[in-house]
Amino acid sequence: MSETRALRSLLAVGVSAAALTAFAAPALAQTANANVIEELVVTAQKKEEALQDVPIAVSAFDQNALEKSKIDGGPNLVLAVPNVNFSKGNFTGYNFQIRGIGSKLVAGSGDAGTGIHLNNAPLIANNLFETEFYDVERVEVLRGPQGTLYGRNATGGVVNLITAKPTDQFEGNIRAEYGNYNTMKARGMINLPLGEQFALRLAGSYLKRDGFGENLVTGNDADDRDLYGARATLKFEPTDKFRAWVMWDHFEEDDNRSRIGKQFCTKDTGPNSVGGVGYSAAAGGLIGQVQRGLFSQGCQATGLYTPGVLGTVNSQATLGGLFGALGGFQTGDAYAGKIQTPNIRDIESTFDPIYKSKTDIYEFNAQFDLTENVTLNWLSAYTIYKLTTRQDYNRYTPSVPFNTAPNPVNAFAAVPGFAGIYAGLFPGGVINDPQNGRFNRFTTSDISSGYTEQWSHEIRFQSDFDGPFNYNVGAIFSRYQATGDYYVMFNTGTGFYQLNNLFNTGNPNCTTGANCVAIDPNKDPNRSGHNYYDAYGPYDLTSYAAFGEFYYQMTDNFKWTLGLRYTVDEKDVENHAVNLGTPGSGISGPLPGTPAILNVKFKEPTGRFGFDWKPDLGFTDESLIYAFYSRGYKAGGLNSPCSGGAGVICGPATFEPEFINSYEIGMKNTLLNGTMQLNLTGFYYDYKGYQISKIVNRASTNENIDAKVMGAEFESIWQPVEGLRLNAAIGYLDTEIQDAVSIDTFNRTGSNPLLTLVKSSAASNCVVSTAHAATALAISNSINNPFALLGVCTTVPNAAGQQVGAGTNILGTGAIATGTNAFGGLVSDGVPVDLDGKQLPNAPHWTISLGAQYTWTFGDWDATLRGDYYHQTQTYARIWNTQPDRIKAWDNVNLTFTVVNDEMGVEVAGFMKNATNEKAITDFYLTDDSSGLFRNVFYTEPRTYGVSITKRW
């Protein structure tokens, strides 16, 4: 019965985890019992099988299913697959998380925990969150480690997009959609047989819409879309034994997409006093104003939903603000009294965001039947990926302009005639910054860009013997090369270096010279300047593996599976120190004592072992019971370059791999004469080396921690009567960090009043005892020099070069000293937090997906009304699980109404996504100390609705 339904599964029906969230109209089933649920053929084990026969937790959706549930692209898969979470990331990336495992690290050499594949070919750089699904045969989501057939970075699972292939008959379709926000979408496909041996399939997709919000400065739309995709596939089948496909897939976007959402900050004005010592009242309080800013961390650690969270950062606690004070440009906080607009879609940026992305993928896939029972599969893929994004760094404009005459409390006050020099170089307080333009206010922007190339070649031999033994063995080679930059550009830094250049070289905008901090004259930076932050480190990955699965059919209904894989990953990163403010021009070499090329190499075995059994239970039509042990692996890598400098503590150069020992048991059942499917899965993970990132001293530091993960998944679909279909997909997840400690950069003191946070000369933060902070403040008061406090974080070795007091627990607070400063105080990075028992981030306990649809038939017309409801319980954005990390539970409702006439090939539909207009936060990114510890927050899209019409022939 299962094999019969598998043949019928070629019908356009979508199913989730053994047909559990199938959404296609039941009117398609024309059998003796019209309520029988159809199944989909998938290639989850890189061979064609009915989904209900696959001993893996897998969800699959065809194009029809995707459209009916408005799963337009990768981010929407969260609404239909249990124990899945999705959110955008800060640097144009994203985190597709399965069972608590995804990508919470930030590193150019890092790997995602969910493998993204196109027609089984791995894609390291991809457009999963940007592009829309079109002309796909199906989208498969495999849950759990897939370390045998899919490889190195599939510890969480795999998303595999299978594009539609050319057929031997002429067919085509075109679909047009219009919705609110002036949304215009178009999709189309044409299939052309070219004789007996060739066929060509052309497909495309286009999306253009207005922005979800407004840029209140320019008056233009914010976060609009203008993108398209195109695909051409040529099939060649000269004989019954040889089949080949060549595919080109193109994606391009050029619009004002907002890379991040709203910026959250409850302003930290700094303490009223330090250890009972007040700030200086000299110079009319201007000295005290600077001092207080050096005891602020920029933003307080408050909850995401508290009043005042849409405030603004205290610029005095940022690197740009520090330069503003040193150069006399800014008096106090540039954003004093500033509150952001409450509309979460609106921004207040000096310029409109720039987002440009372009990808070309070329694939060749061939199958050759070596014998009647053995097939050779050859898959090659080449990808070119380009990305450039640029946006306002702080997303709001200052309330306080630059000084037309310098603040008398500045680093150049002793220079004779400085006020006149300042006025001549910055007339009206205007700084001419080549990258940010001419402004008399604090202006910052950033650029995240990348260029990558990837080759992969896979050869597999697959058997289909009549006997008990079969195999699926092969090897794969991948080469991935990436280069790119992350720039942060701020005009106070440029102005400060222009002053230094004037005094040191006579030319404020010099570009070369031993004493020159080069000012890049180009609007689009080219790495020549040292007046901006540039994280640059070309990356080269070479990965190869041999793998195989072996199957032993012990009886007619019992099969053993053994899978083994041996992977070698080698990663090289060019080692370039960040050159902000250093004399010279162009990219820098490595930090002293470090090699020019950073290298790591990993060699790891993975695999799985288990069984699947099809017993006759009596109370089911068919059942599949399976149990597997799997070992997953994700390579370690190299942390981003450190800025170095006084008061800066660099993190480790590398981070270690992840390993998962997974134990899973599942049961797939067909009941009630094929009208119900009910599946259950339970799993337990022993998780070693979970990779998690935090931004410290303008560098991403990735740490490894251990955890245990357990959970269960319930999935069911029921067609009780003809025309009615009900489905449910429920996931339960329990994650727990084990035996780990880490300093929370959002609360370095651990809220202990015996400790005080202080800014360093690099605007990073350190912790000292409150008593020693008070001593330093008193000395600063006595010499009328607020900038003396910048030495508090700098440790001073003794005559023997030793750090005095290193390793000391400061006053028993848990803050471990790295040394002693010039004021005699012990200096620490902060208080380590015990993470034992904390939850993994973005791992909600419950995900619930419910759906219902009913189809009425009126002559040649079928009308289908469908509703989908999704609920996700609360989660945390970071491993510390504090109140500021908490993300509330959220819901989503999608509605569609479709009218179809198959005879005419016409379909008309109306839809509404996020019908309740939920404003749900999905994640946030906490920036570093020198930026003021604001949080960039990511939201779901607002309510959208529209109509579409499709013509097929």
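Residue numbers (the numbering used here): 7 to 959. Even for Gly, the Cβ is constructed at its ideal location relative to N, Cα and C. None of these values were measured; they are calculated from a predicted model.
Self-check item: Where Ile350 sits in the DSSP three-state scheme
Solution: Within the sequence shown, the letter at position 344 stands for residue 350. Looking at Ile350 - three-state DSSP - the assignment turns out to be coil, as it is neither helix nor strand.
### Query
What residue range is occupied by the uninterrupted beta strand (DSSP E) comprising His123?
For this step, residue 123 is matched to residue 117 along the sequence shown. Taken as a continuous stretch (DSSP letters only), the beta strand (DSSP E) holding His123 covers Thr120 to Leu124.
- prompt: Nearest-angstrom Cα distance between Asn159 and Gln697?
  reply: Counting from one through the sequence shown, the residue named residue 159 turns up at place 153. Counting from one through the sequence shown, the residue named residue 697 turns up at place 691. One C-alpha to the other measures close to 12 Å.
query: Ser591: which of Gly643, Thr49, Leu570 and Thr517 sits nearest, CA to CA?
result: Within the sequence shown, residue 591 is the residue found at index 585, counting from 1. Among Gly643, Thr49, Leu570 and Thr517, the Cα nearest to that of Ser591 is on Thr517.
If you drop the 5 nearest sequence neighbours on each side, which residues of the same chain put their C-beta closer than 6 Å to that of Leu796?
Residue mapping note: residue 796 aligns to position 790 of the sequence shown, counting from 1. Same-chain partners within the cutoff: Ser767.
request  = Report yes or no: is there a C-beta of chain C within less than 9 Å of the C-beta of Ala551?
outcome  = Absence of chain C from the displayed structure is noted, only one protein chain being present.
**Study point:** Candidates Pro313, Asp375, Arg144 and Pro199: closest to Thr245 by CA position
**Key:** Indexing the sequence shown from 1 puts residue 245 at position 239. For the residues Pro313, Asp375, Arg144 and Pro199, the minimum Cα distance to Thr245 belongs to Asp375.
- Query: Nearest-angstrom Cα distance between Gln51 and Val145?
  - Reply: In the sequence shown, counting from the first residue as 1, residue 51 sits at position 45. In the sequence shown, counting from the first residue as 1, residue 145 sits at position 139. So the alpha carbons of these two residues sit roughly 14 Å apart.
Should Asp470 be labelled buried (16 or more other beta-carbon atoms within 10 Å of its own) or exposed?
Taking the first residue of the sequence shown as position 1, residue 470 is located at position 464. Its Cβ having fewer than 16 others within 10 Å, Asp470 is exposed.
C-alpha distance - Arg193 paired with Tyr860, whole-angstrom precision:
In the sequence shown, residue 193 corresponds to position 187, counting from 1. In the sequence shown, residue 860 corresponds to position 854, counting from 1. Their Cα atoms are separated by approximately 26 Å.
**Message:** Buried or exposed, going by whether 16 or more other CB atoms sit within 10 Å of the CB of Ala31?
**Reply:** Along the sequence shown, read from residue 1 onward, the residue named residue 31 stands at position 25. Annotation note: pLDDT 30 at Ala31 (below 50); position unreliable, coordinate value reported separately. Buried, since its Cβ has 16 or more Cβ neighbours within 10 Å.
Quiz item: Expressed to the nearest angstrom, what Euclidean distance is found between the alpha-carbon atoms of Tyr486 and Gly108?
Solution: Within the sequence shown, the letter at position 480 stands for residue 486. Within the sequence shown, the letter at position 102 stands for residue 108. The straight-line gap from Cα to Cα measures roughly 20 Å.
Exposed or buried, Met560, counting other C-beta atoms within 10 Å across all chains shown (16 or more means buried)? In the sequence shown, residue 560 corresponds to position 554, counting from 1. With fewer than 16 other Cβ atoms within 10 Å, it is exposed.
message: Assuming the contact rule is C-beta atoms closer than 8 Å, Leu686 and Ala746 should be a hit. Round their C-beta distance to whole Å, please.
response: What you label residue 686 is simply residue 680 of the sequence shown in a count that begins at 1. What you label residue 746 is simply residue 740 of the sequence shown in a count that begins at 1. Their Cβ separation, rounded to whole angstroms, is 32 Å, which puts Leu686 and Ala746 out of contact at 8 Å.
So, do the region 472–492 and the region 544–551 have three or more beta carbon pairs nearer to each other than 8 Å? yes
field: For Tyr639 and Glu664, believed in contact at Cβ under 8 Å, the rounded distance
entry: Here residue 664 refers to the residue found at position 658 of the sequence shown. Here residue 639 refers to the residue found at position 633 of the sequence shown. 7 Å between Cβ atoms; contact.
Problem - CA-to-CA distance, Ile816 to Ala769, given in whole angstroms - result: Your numbering for residue 769 matches position 763 in the sequence shown. Your numbering for residue 816 matches position 810 in the sequence shown. Cα to Cα, the separation comes out at about 22 Å.
Start-to-end residues for the beta strand (DSSP E) that takes in Gly952:
Mapped onto the sequence shown, residue 952 falls at position 946. Residues Thr950 to Arg958.
Going straight from the alpha carbon of Ile525 to that of Leu431, what length do you get? What you label residue 525 is simply residue 519 of the sequence shown in a count that begins at 1. What you label residue 431 is simply residue 425 of the sequence shown in a count that begins at 1. One C-alpha to the other measures close to 15 Å.
* Asked: How far does the beta strand (DSSP E) with Ser788 in it reach, from first residue to last?
  -> Reading the sequence shown from its first residue, position 782 is the one you call residue 788. Not the beta strand (DSSP E): Ser788 falls in the alpha helix (DSSP H), residues Thr776 to Ile789.
By how many angstroms is the C-alpha of Asn82 removed from the C-alpha of Glu947?
Residue 947 sits at position 941 when you count from the first residue of the sequence shown. Residue 82 sits at position 76 when you count from the first residue of the sequence shown. So the alpha carbons of these two residues sit roughly 10 Å apart.
Requested in this report: Verify whether the separation of the beta carbon atoms of Pro404 and Tyr341 is less than 9 Å.
Outcome: By 1-based counting over the sequence shown, the position of residue 404 is 398. By 1-based counting over the sequence shown, the position of residue 341 is 335. Against a cut-off of 9 Å, the Cβ pair of Tyr341 and Pro404 comes out as a contact.
(request) Under 8 Å by Cβ, that's how I've got Gln297 and Pro792 pegged, so tell me the actual separation to the nearest angstrom. (result) Start at 1 with the first residue of the sequence shown, and residue 297 comes out as number 291. Start at 1 with the first residue of the sequence shown, and residue 792 comes out as number 786. Their Cβ separation, rounded to whole angstroms, is 4 Å, which keeps Gln297 and Pro792 in contact under 8 Å.
Going by the CB atoms, is the gap between Ile122 and Leu155 shorter than 9 Å?
-> Translated into the one-based positions of the sequence shown, residue 155 becomes position 149. Translated into the one-based positions of the sequence shown, residue 122 becomes position 116. No, these two residues do not count as a Cβ contact at 9 Å.
Worksheet item: In terms of residues, what are the limits of the alpha helix (DSSP H) holding Leu325?
Response: Position 319 of the sequence shown, counted from the first residue, corresponds to residue 325. Where Leu325 is concerned, the enclosing alpha helix (DSSP H) stretches over Leu325 to Leu332.
Tell me which residue opens and which closes the beta strand (DSSP E) that Arg149 is part of.
The residue you call residue 149 lines up with position 143 of the sequence shown. First-last of the beta strand (DSSP E) with Arg149: Val142 to Arg149.
- Task: Can you grab the Cα-Cα spacing for the pair Pro527 / Gly314, in whole Å?
- Result: One-based indexing of the sequence shown puts residue 527 at position 521. One-based indexing of the sequence shown puts residue 314 at position 308. In a straight line, the C-alpha of Pro527 is about 39 Å away from that of Gly314.
| Contact check, Lys110 vs Pro847 under 8 Å by CB: the rounded distance? | Within the sequence shown, numbered from 1, the residue matching residue 110 stands at position 104. Within the sequence shown, numbered from 1, the residue matching residue 847 stands at position 841. Yes, Lys110 and Pro847 are in contact; Cβ-Cβ is about 6 Å, under 8 Å.
Next on the checklist: Rounded to the nearest angstrom, what separates Ser264 and Thr870 at their Cα positions?
Outcome noted: In the sequence shown, residue 264 corresponds to position 258, counting from 1. In the sequence shown, residue 870 corresponds to position 864, counting from 1. Each residue's alpha carbon lies about 36 Å from the other.
message = Quick check: the region 363–374 against the region 416–436, are at least 3 beta-carbon pairs closer than 8 Å?
response = no
- Query: At which residues does the beta strand (DSSP E) containing Leu46 begin and terminate?
  - Reply: Here residue 46 corresponds to residue number 40 of the sequence shown, with the count starting at 1. Looking at the DSSP string, Leu46 is not in any beta strand (DSSP E), and its letter there is neither H nor E.
- Message: DSSP three-state label for Lys565, please.
- Response: Here residue 565 refers to the residue found at position 559 when the sequence shown is read from its first residue. If DSSP states are grouped into helix, strand and coil, Lys565 belongs with the strands.
message = Quick check: the Cα distance between Ile371 and His582, rounded to an integer number of angstroms?
response = Looking up residue 371 in the sequence shown gives position 365. Looking up residue 582 in the sequence shown gives position 576. The displayed chain sequence assigns Asn, not Ile, to residue 371. C-alpha separation (whole angstroms): 39 Å.
For this session: Starting from the C-beta of Glu610, find all residues in its chain whose C-beta is less than 6 Å away, skip the five residues before and the five after it, and write them out in chain order.
Result: For the purposes of this step, residue 610 is identified with residue 604 of the sequence shown, where counting begins at 1. So the qualifying residues of the chain are Thr573 and Tyr639.
*Do Trp619 and Leu604 have their C-beta atoms within less than 9 Å of each other?*
Within the sequence shown, the letter at position 613 stands for residue 619. Within the sequence shown, the letter at position 598 stands for residue 604. Against a cut-off of 9 Å, the Cβ pair of Leu604 and Trp619 comes out as no contact.
>> Between Thr751 and Asp935, how many whole angstroms is the CB-CB distance? I'm expecting something under 8 Å.
In response: Counting from 1 along the sequence shown, the entry for residue 751 is found at position 745. Counting from 1 along the sequence shown, the entry for residue 935 is found at position 929. Right, the Cβ-Cβ distance comes to about 7 Å (below 8 Å), so this counts as a contact.
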